[in-house]
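Written below as C-alpha cells is the structure these notes are about.
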Amino acid sequence: MEKEYKSVQVIMLGAYIISLFLYCFGNDKYVDGMNGLIMLNSPVAIAAIVIIVVGIIKRNSRHILMVIGSILLIVNQIYCFLTWPIPTINIAIDIPYSFSITHFGFYISLSIAIIMLVIGIFNLYKNKR
Numbered sequence: 063m064e065k066e067y068k069s070v071q072v073i074m075l076g077a078y079i080i081s082l083f084l085y086c087f088g089n090d091k092y093v094d095g096m097n098g099l100i101m102l103n104s105p106v107a108i109a110a111i112v113i114i115v116v117g118i119i120k121r122n123s124r125h126i127l128m129v130i131g132s133i134l135l136i137v138n139q140i141y142c143f144l145t146w147p148i149p150t151i152n153i154a155i156d157i158p159y160s161f162s163i164t165h166f167g168f169y170i171s172l173s174i175a176i177i178m179l180v181i182g183i184f185n186l187y188k189n190k191r
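Here the sequence shown stands for residues 63 to 191, numbered as in my numbering.
What follows is the structure, given as C-alpha cells:
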C-alpha cells in the first residue's frame, strides 16, 4: 500500500509541475499571456514542492507533509490568481478581472493541487485508524 501511495504522490507532483507549463493568465496568449511558471517565483511554492519531495522520500511523516505541501500550493495559487495583474495591468486586486483573464491551465493545476490535498487527508485519516 505504501508503494502505491508513493507512486501516486510522484505522479501527482509530476502532473502538477507539467500543468504549470500551460497557458494560465492573460488577455491574449501571444501579447500578455503567462504560463503557470510565474507561480514558481514565490518562495512558498518552492517550499511546498520541497516539502512534498521530502514527504515522498521520508517514510514516517509522509501523509502530513503531503497535506502541508498541498495546502501551501493552493494558497500560493490563490495568491498568484489575485495579484499577478497588479504590477502590469491593475492597481489593486480585482477579483472579477482575475476571473476574466484566467485560463484553463490555472484551473487544471489548482484542481491537481486540490486532488493532492484530498488524497493526503484521506490517507492521513486512514492510517490513524
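We put the beta carbon where it would ideally sit given N, CA and C, even for glycine.
Taking residue i as part of the beta strand (DSSP E), name the residues at either end of that continuous run.
i, result
"F168", "That residue, F168, is in no beta strand (DSSP E); its alpha helix (DSSP H) goes F166 to K190."
State the Cα-Cα distance for the pair residue i and residue j, rounded to the nearest angstrom.
i, j, result
"I111", "P105", "10 Å"
"E66", "P158", "41 Å"
"L135", "K190", "24 Å"
"Y141", "N122", "31 Å"
"K120", "I100", "29 Å"
Do residue j and residue i have their beta-carbon atoms positioned less than 9 Å apart in this structure?
i, j, result
"L82", "S160", "no"
"I126", "Q71", "no"
"N103", "G167", "no"
"Y78", "A175", "yes"
Under three-state DSSP, which class holds residue i?
i, result
"N97", "strand"
"F83", "coil"
Compute the beta-carbon to beta-carbon distance between residue i and residue j, rounded to the nearest angstrom, for a pair I have assumed lies under 8 Å.
i, j, result
"L179", "S132", "4 Å"
"M74", "I177", "7 Å"
"T164", "F87", "6 Å"
For the alpha helix (DSSP H) that residue i lies in, which residues bound it at each end?
i, result
"A110", "P105 to I119"
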